[in-house]
Amino acid sequence: MTLPRGTVTFLFSDIEGSTRIARSLAPDAWDRVLAAHDRLAVRAVGQHGGVVVKHEGDGVFATFAEAIGALRAAAAFQAALVDDPVAGPAAVRVRIGLHTGEGRLTASGSDYIGVDVHYAARVAAAANGGQIVLSDTTRDSIGDELPPDATLLDAGLVRVKDFEEPRRLHRLVAPGADDPRPLRTESGPSNLPESVSSFVGREVELADVVDLLRRARLVTLTGPGGTGKTRLSLAVAERVRDEMPGGAWFVGLAPVVEPDLVPSAVATALGIEEEAGRPIAETVIASLRDRRALLVLDNFEQVAEAGPFVAQLLAAAGGIRVLVSSRTILRLAGEHEYRVPPLGGLDAVTLFVERARAVRPGFTVTDDNAATIAAICARLDDLPLAIELAAARTRLFTPAALLGRLERSLEVLTGGTRDVPERQRTLRATIAWSHDLLADAERILFRRLAIFTGGWTIESAESVCDPAGSLGLPVLDGLASLVDESLVFEVQTDHGEPRFHRLVTIGEFALEQLAVSGEQSELARRHAEHFVELGASAERELEYGDPGPWLDRLEHEQHNLRAALEWCLRADEPELAMRLAGSVWRFWQHRSHLREGRDWCARILGRPDAARPSEGRFRTLIASGGLSYWLADYPATEACYEEALAIAESLDSDALRAEALYNLGFIDMVAGNTGRLRERHEASAELFLGLGDRQGFAKVRQGLVIGSFLERDWETARRLTEEDNAFLRETGARYRLADGETLLAVAALGTGDLDGAVAHLRAAMEIEQDLDLTVSLIGSLLVAALIANAAGDPERGAQLAAAAALLREATGSSAAPMDVLHLPDPAIASREALGEESFMQASEAGRRLSLVEAVALAGSMPDGAVTAGVDAGQRAGGASS
Numbered sequence: 001m002t003l004p005r006g007t008v009t010f011l012f013s014d015i016e017g018s019t020r021i022a023r024s025l026a027p028d029a030w031d032r033v034l035a036a037h038d039r040l041a042v043r044a045v046g047q048h049g050g051v052v053v054k055h056e057g058d059g060v061f062a063t064f065a066e067a068i069g070a071l072r073a074a075a076a077f078q079a080a081l082v083d084d085p086v087a088g089p090a091a092v093r094v095r096i097g098l099h100t101g102e103g104r105l106t107a108s109g110s111d112y113i114g115v116d117v118h119y120a121a122r123v124a125a126a127a128n129g130g131q132i133v134l135s136d137t138t139r140d141s142i143g144d145e146l147p148p149d150a151t152l153l154d155a156g157l158v159r160v161k162d163f164e165e166p167r168r169l170h171r172l173v174a175p176g177a178d179d180p181r182p183l184r185t186e187s188g189p190s191n192l193p194e195s196v197s198s199f200v201g202r203e204v205e206l207a208d209v210v211d212l213l214r215r216a217r218l219v220t221l222t223g224p225g226g227t228g229k230t231r232l233s234l235a236v237a238e239r240v241r242d243e244m245p246g247g248a249w250f251v252g253l254a255p256v257v258e259p260d261l262v263p264s265a266v267a268t269a270l271g272i273e274e275e276a277g278r279p280i281a282e283t284v285i286a287s288l289r290d291r292r293a294l295l296v297l298d299n300f301e302q303v304a305e306a307g308p309f310v311a312q313l314l315a316a317a318g319g320i321r322v323l324v325s326s327r328t329i330l331r332l333a334g335e336h337e338y339r340v341p342p343l344g345g346l347d348a349v350t351l352f353v354e355r356a357r358a359v360r361p362g363f364t365v366t367d368d369n370a371a372t373i374a375a376i377c378a379r380l381d382d383l384p385l386a387i388e389l390a391a392a393r394t395r396l397f398t399p400a401a402l403l404g405r406l407e408r409s410l411e412v413l414t415g416g417t418r419d420v421p422e423r424q425r426t427l428r429a430t431i432a433w434s435h436d437l438l439a440d441a442e443r444i445l446f447r448r449l450a451i452f453t454g455g456w457t458i459e460s461a462e463s464v465c466d467p468a469g470s471l472g473l474p475v476l477d478g479l480a481s482l483v484d485e486s487l488v489f490e491v492q493t494d495h496g497e498p499r500f501h502r503l504v505t506i507g508e509f510a511l512e513q514l515a516v517s518g519e520q521s522e523l524a525r526r527h528a529e530h531f532v533e534l535g536a537s538a539e540r541e542l543e544y545g546d547p548g549p550w551l552d553r554l555e556h557e558q559h560n561l562r563a564a565l566e567w568c569l570r571a572d573e574p575e576l577a578m579r580l581a582g583s584v585w586r587f588w589q590h591r592s593h594l595r596e597g598r599d600w601c602a603r604i605l606g607r608p609d610a611a612r613p614s615e616g617r618f619r620t621l622i623a624s625g626g627l628s629y630w631l632a633d634y635p636a637t638e639a640c641y642e643e644a645l646a647i648a649e650s651l652d653s654d655a656l657r658a659e660a661l662y663n664l665g666f667i668d669m670v671a672g673n674t675g676r677l678r679e680r681h682e683a684s685a686e687l688f689l690g691l692g693d694r695q696g697f698a699k700v701r702q703g704l705v706i707g708s709f710l711e712r713d714w715e716t717a718r719r720l721t722e723e724d725n726a727f728l729r730e731t732g733a734r735y736r737l738a739d740g741e742t743l744l745a746v747a748a749l750g751t752g753d754l755d756g757a758v759a760h761l762r763a764a765m766e767i768e769q770d771l772d773l774t775v776s777l778i779g780s781l782l783v784a785a786l787i788a789n790a791a792g793d794p795e796r797g798a799q800l801a802a803a804a805a806l807l808r809e810a811t812g813s814s815a816a817p818m819d820v821l822h823l824p825d826p827a828i829a830s831r832e833a834l835g836e837e838s839f840m841q842a843s844e845a846g847r848r849l850s851l852v853e854a855v856a857l858a859g860s861m862p863d864g865a866v867t868a869g870v871d872a873g874q875r876a877g878g879a880s881s
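Residues in the sequence shown are numbered consecutively from 1, following the working numbering.
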């Protein structure tokens with residue numbers, strides 16, 4: 001590549017709003033857009049005698065020996081973008097700047113240096129997307145020559161960034177380059193405080209807020225204390241400062257306590273003098289009426305009643321834009337809220353390291369401390385203020401020692417620099433600043449909500465925090481206020497019911513307030529009792545109905561369930577603990593918390609005060625036995641079920657006896673003892689019928705059917721399972737219906753009907769996916785592997801078997817249904833068919849599959865897969881093994 005020397009014309013371009021476009025598209029779609037942009041740029045430059053010096057992100061730097069060539073290339077590039085089938089629909093808008101000056105090459109001859117290169121870049125920065133801007137020297141160089149259908153406009157004397165003396169710029173209006181917005185010129189005076197530390201991360205948030213501020217005149221950054229609202233607002237102000245001829249002005253309101261003083265604070269920041277006999281608010285509005293400027297109103301929460309002044313200012317001064325940082329929105333017409341999130345993980349670590357280096361030069365991330373630093377940031381919810389305060393402590397503590405102290409309390413986060421507001425000198429003071437502005441009833445609710453872990457629903461908050469309705473305000477209204485104050489945030493769940501959360505650091509402060517209040521013991525009891533009742537409400541649907549919504553609900557409440565169980569054990573309330581464990585164990589099973597659930601059951605059952613025979617102990621034994629069964633720990637399963645039957649006999653309860661006999665039948669299934677299986681399940685079915693429990697009878701029917709599978713009587717198994725599934729559809733037991741469809745897939749495979757096997761397997765997996773029954777999907781994937789092998793596709797069989805094995809490792813489940821039906825490991829048949837090398841390659845491919853991909857592979861076996869002459873028994877895996 002030979003670059004022109006002497007007097008040359010530089011072309012700089014980049015994509016306006018590239019971050020926004022990239023975020024709105026899938027990664028591969030953005031890659032295609034960027035490739036189209038680069039292709040069009042290179043073609044336009046090359047066709048008009050230019051050379052591309054380099055690509056920089058989404059920008060291009062090119063140079064031309066002739067100015068008119070640069071102008072024609074710019075016009076051709078803009079027109080091509082509009083017509084391109086990829087870049088056009090993506091609304092790619094490119095800004096282009098041209099400047100003619102001295103082409104001084106670097107020593108290598110591969111790049112340019114000098115002030116003219118920098119000025120050309122600043123000319124491009126003055127353009128908006130869809131514009132071509134020329135310097136005065138380029139205008140002189142082209143004479144009267146213009147591209148077809150183009151006109152040249154004088155943009156006047158313009159001051160661009162880093163060049164104090166105003167210079168004349170021009171704008172070429174041509175097809176694709178006709179955006180009418182004023183140039184992004186250097187702003188007038190500003191009082192934005194000089195940043196004394198780097199601005200880490202926040203590139204996405206910065207781009208979002210800048211884009212929002214360009215479209216809206218009032219933007220409010222909200223979030224709890226410590227999220228970095230002020231720092232982000234200043235970065236935004238710096239970014240848009242070039243677009244504000246009237247200046248960008250920072251108005252710090254932290255020391256202002258009276259709303260009536262806000263106009264005076266604005267006047268002071270902008271240097272506006274008071275006028276005798278005229279209210280200062282009127283003077284400020286009159287001064288700003290004809291200016292195009294940005295006001296940054298920081299810490300607006302304690303002067304929220306000054307909102308009408310902001311509204312008056314915006315109404316009277318059409319060129320003014322206002323960026324507010326506050327815990328709560330102003331509730332003004334035209335206001336756009338942007339909630340500032342905590343930092344992302346990598347950015348949080350980067351911030352910690354940079355701030356640590358400020359107090360301990362040479363501090364670095366090493367293999368030994370990287371995980372600890374990440375844990376510190378996570379412990380502090382990735383809050384910038386908290387991270388900075390923690391990093392300041394590296395002067396005294398190693399990261400490991402600091403993490404240890406943080407695990408105990410937040411006391412270590414004291415101090416901070418002396419030039420920040422007093423309220424930010426400790427993390428506790430930052431949170432207390434927000435807390436102290438609450439009304440009394442809101443403070444009570446704020447501290448009571450600390451009893452929840454992992455969030456809460458409106459229903460839970462009402463039940464636990466104000467069961468008697470004596471709080472003084474409706475809980476829903478109180479939650480709304482706390483959300484407005486950024487002390488609580490609301491998230492929508494996939495099942496429609498909103499949940500509320502708060503950052504851990506704020507939760508710890510609330511817990512301290514609760515401890516001081518003397519209410520903690522009573523709140524903990526109400527919390528535990530509430531979740532015991534919630535478990536009781538979920539139990540019937542988990543066992544017999546459509547468990548999906550309840551599984552989702554309990555997944556969200558998992559931290560609260562743990563806290564409730566822990567309190568029950570600490571408070572010597574084993575009956576409450578047994579009621580809770582006995583009611584939610586199906587959740588532990590279906591959502592792959594098998595070992596955790598069994599550990600809870602073991603802790604409860606091992607207590608001396610839980611040893612007496614009772615219905616609570618019976619239910620916990622059934623739970624522990626069921627979880628052990630899914631872990632394939634059959635001796636432990638049998639021991640639990642045998643004790644449960646003994647309790648049922650001692651309490652002389654037919655309901656408990658029916659349940660115990662039903663569960664013991666599964667031990668007979670694993671042992672292959674079909675005679676005792678039928679005996680126990682027939683006795684259980686008779687008891688359930690006598691009790692009028694149709695749903696209990698339905699699940700026992702499914703157990704009775706399995707005897708036919710064990711005897712390899714495929715036709716009978718298929719007929720009985722179809723009858724049983726019809727009954728399950730009638731009772732609405734969806735998860736049991738999924739098991740029934742899997743059984744039908746096995747029965748169809750046994751009769752040689754591979755198409756039927758695939759159809760039933762798809763029906764089973766559809767339910768299992770809908771309900772997120774991960775453990776059940778393991779069995780379905782293994783059955784799918786058997787079907788694939790029988791259909792002559794051992795490679796697919798190996799992949800599915802490997803995917804199931806990986807899922808078993810992840811969940812801890814041993815796929816008990818395969819043991820119950822005595823089906824062989826499909827990997828063995830795949831290995832024999834493929835040979836060792838091909839089998840290992842297929843297995844490795846299977847282990848790389850996601851769960852969604854594995855299910856799709858299982859369900860995509862083609863219809864008409866029956867292979868004539870293949871023995872039906874081989875399809876099902878042969879005889880009992």
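Note that the Cβ used here is the ideal one computed from N, Cα and C, for glycine as well.
Sequence-distant residues of its chain with Cβ nearer than 6 Å to residue i (five each side left out)
{"i": "W249", "result": "N191, A269, L270 and L295"}
{"i": "V464", "result": "R526, H527 and H530"}
Reduced DSSP secondary structure (H/G/I, E/B, other) of residue i
{"i": "I706", "result": "helix"}
{"i": "R184", "result": "coil"}
{"i": "T283", "result": "helix"}
{"i": "Q131", "result": "strand"}
{"i": "F397", "result": "coil"}
{"i": "T783", "result": "With the sequence shown as reference, residue 783 is identified as Val, and Thr is not the correct amino acid for it. In this structure, V783 counts as helix in the three-state DSSP scheme."}
{"i": "V173", "result": "strand"}
{"i": "L849", "result": "coil"}
{"i": "A248", "result": "strand"}
{"i": "A293", "result": "strand"}
{"i": "H760", "result": "helix"}
{"i": "T350", "result": "helix"}
Paired residues, beta bridge with residue i - DSSP
{"i": "E56", "result": "G59"}
{"i": "S326", "result": "T222"}
{"i": "Y112", "result": "L105"}
Same chain, Cβ closer than 8 Å to residue i, neighbours up to 5 away in sequence not counted
{"i": "F727", "result": "A698 and R701"}
{"i": "E275", "result": "T283"}
Contact check, residue i vs residue j, beta carbons under 7 Å
{"i": "P342", "j": "L385", "result": "no"}
{"i": "V262", "j": "V219", "result": "no"}
{"i": "L761", "j": "A745", "result": "yes"}
{"i": "A683", "j": "A660", "result": "no"}
{"i": "S592", "j": "V775", "result": "yes"}
{"i": "A29", "j": "A76", "result": "no"}
{"i": "I387", "j": "L380", "result": "yes"}
{"i": "L232", "j": "R202", "result": "yes"}
Sequence-distant residues of its chain with Cβ nearer than 7 Å to residue i (five each side left out)
{"i": "A854", "result": "L781, L800 and A803"}
{"i": "T620", "result": "M578, A581, G582, C601, I604 and L605"}
Counted within 10 angstroms of its Cβ, other Cβ atoms place residue i as buried (16 or more) or exposed
{"i": "V516", "result": "exposed"}
{"i": "P148", "result": "exposed"}
{"i": "S521", "result": "exposed"}
{"i": "E768", "result": "buried"}
{"i": "I113", "result": "exposed"}
{"i": "H590", "result": "buried"}
{"i": "D154", "result": "exposed"}
{"i": "L396", "result": "exposed"}
Min CB distance residue i to chain D below 7 Å
{"i": "R327", "result": "Considering every chain present, this structure includes no chain D. It has just one protein chain."}
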